[in-house]
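*Asks:*
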Amino acid sequence: MRILLVEDDFDLSENIIDFLTDCGYDCDFAYNGIVAVDLIKQNPYDLIILDIGLPGINGFEVCRIVRQDLKLNTPVIMLTALISLDDKLSGFQAGTDDYLPKPFDMPELQARIEALAKRTRPVQNHVLTVGSLVYDVEQGILTRNNIELQLPPVCMHILRILMEASPNLVSKSELEYAIWGHTPPETDALKAHLYTLRNIIDKPFSKNMLVTVRGQGYKVVASE
Numbered sequence: 001m002r003i004l005l006v007e008d009d010f011d012l013s014e015n016i017i018d019f020l021t022d023c024g025y026d027c028d029f030a031y032n033g034i035v036a037v038d039l040i041k042q043n044p045y046d047l048i049i050l051d052i053g054l055p056g057i058n059g060f061e062v063c064r065i066v067r068q069d070l071k072l073n074t075p076v077i078m079l080t081a082l083i084s085l086d087d088k089l090s091g092f093q094a095g096t097d098d099y100l101p102k103p104f105d106m107p108e109l110q111a112r113i114e115a116l117a118k119r120t121r122p123v124q125n126h127v128l129t130v131g132s133l134v135y136d137v138e139q140g141i142l143t144r145n146n147i148e149l150q151l152p153p154v155c156m157h158i159l160r161i162l163m164e165a166s167p168n169l170v171s172k173s174e175l176e177y178a179i180w181g182h183t184p185p186e187t188d189a190l191k192a193h194l195y196t197l198r199n200i201i202d203k204p205f206s207k208n209m210l211v212t213v214r215g216q217g218y219k220v221v222a223s224e
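For the sequence shown, position 192 (counting from the first letter as 1) is numbered 192 according to the UniProt record's numbering, and the numbering increases by one without interruption.
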């Protein structure tokens with residue numbers, strides 16, 4: 001697995017690179033957002049570890065460029081000392097898949113890398129369809145009303161779970177376990193991902209397909 005680390009703290013970067021290299025990963029390094037974007041344009045990375053407080057352009061903007069300008073679904077883990085809900089929402093809206101607050105233990109970083117890698121590995125060919133929402137799993141292409149939509153990998157994973165269960169409901173605890181296993185992040189992470197998901201698959205259209213059943217869970221339906 002080839003990983004790009006984007007971090008302006010050189011001591012922390014050295015520790016992360018040494019650890020990940022010992023774990024068998026290939027690591028490239030960028031000390032600011034501008035260098036990071038150039039490297040991402042030139043190289044096919046399997047995962048990006050991205051600090052928020054970068055010189056040049058910050059991590060939020062780098063992530064936005066990756067998702068919106070370069071149209072890449074490369075998993076992104078953000079490293080940050082900013083842990084407010086607004087900061088997390090900004091990151092998830094920009095397209096990040098996971099947050100790791102500083103300071104952190106290296107084994108936790110490795111666990112999050114492996115969890116994201118498992119979720120983005122190729123799967124057998126099949127197409128999920130719920131009304132006008134169509135997801136070609138092998139091609140990684142999602143459309144609604146024949147309009148292609150771009151989702152961050154975690155949001156895509158959530159949507160796939162809901163589409164496979166449709167029209168049945170999936171509880172909050174079931175979603176959290178399917179995404180994060182026995183070690184889910186802080187309680188607002190799922191809410192933030194669902195907010196991003198709803199903005200992409202529902203907001204541009206006249207009918208909502210992602211439905212929240214208060215106190216029970218979530219479902220995707222043909223129309224609501």
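No residue lacks a Cβ here, since even glycine has one placed at the ideal position from N, Cα and C. Bear in mind that the values here come from a model prediction, so they are computed numbers and not experimental data.
(1) Could you check whether arginine 119 and tyrosine 135 sit closer than 9 Å to each other, using their CB atoms as the reference points?
(2) Could you tell me which residues DSSP puts in a beta bridge with leucine 25?
(3) Does DSSP put aspartate 86 in a helix, a strand or coil?
(4) So what does methionine 106 bridge to, in DSSP terms?
(5) So threonine 96 packs on valine 76, CB below 8 Å; how close in whole Å?
(6) For lysine 219, name the three-state secondary structure that DSSP assigns.
(7) For valine 170 and phenylalanine 60, I'd like the C-alpha separation in whole angstroms.
(8) Say whether the region 141-153 touches the region 192-207, bearing in mind that this needs 3 or more beta-carbon pairs closer than 8 Å, one atom from each stretch.
(9) Under three-state DSSP, which class holds glutamate 7?
(10) Using beta-carbon positions only, say whether leucine 162 and isoleucine 113 come within less than 9 Å of one another.
(11) Alpha carbon to alpha carbon, how far is isoleucine 17 from threonine 196?
(12) Report the rounded CA-to-CA distance for glutamate 138 versus glutamate 164, giving the unit in angstroms.
(13) Would you identify the three-state DSSP class for tyrosine 45, choosing helix, strand or coil?
(14) Give me the Cβ distance between isoleucine 65 and isoleucine 3, rounded to the nearest whole Å; I'm assuming they're in contact under 8 Å.
(15) Does DSSP put proline 101 in a helix, in a strand, or in coil?
(16) Could you name the residues of the same chain whose beta carbon sits closer than 7 Å to that of alanine 192, not counting the 5 residues immediately before and after it, in chain order?
(17) Within the same chain, show all residues whose beta-carbon is closer than 8 Å to that of valine 123, passing over the 5 residues directly before and after it, in chain order.
(18) Bridge partners of aspartate 136, per DSSP?
(19) Would you list the residues sitting across from valine 170 in a DSSP beta bridge?
(20) Label aspartate 22 either buried or exposed according to how many other C-beta atoms from any shown protein chain fall within 10 Å of its C-beta, with 16 as the threshold for buried.
(21) I need the DSSP call for threonine 183, collapsed to helix, strand or coil.
(22) Given that a residue counts as buried once 16 or more other Cβ atoms are within 10 Å of its Cβ, and exposed if not, what is leucine 70?
*Replies:* Based on what the coordinates show:
(1) The beta carbons of tyrosine 135 and arginine 119 sit no closer together than 9 Å.
(2) The residue asked about is misnamed: residue 25 is tyrosine in this sequence, not leucine. Per DSSP, none; premise fails for tyrosine 25.
(3) helix
(4) Methionine 106 pairs with nothing; no bridge assigned.
(5) 5 Å
(6) strand
(7) Their backbone Cα atoms lie some 30 Å apart in a straight line.
(8) yes
(9) coil
(10) no
(11) Roughly 31 Å between the two C-alpha positions.
(12) About 15 Å.
(13) coil
(14) Going by Cβ atoms, the distance from isoleucine 65 to isoleucine 3 rounds to 18 Å, so no, they are not a contact pair.
(15) strand
(16) Around alanine 192: Lys88, Leu89, Phe92.
(17) Its pLDDT being 49, under 50, valine 123 is placed unreliably in this model, and the value from its coordinates should be taken loosely. Contacts found: Val137, Glu138.
(18) Val127, Ile141
(19) Tyr218
(20) exposed
(21) coil
(22) Answer is exposed; the Cβ neighbour count stays below 16.
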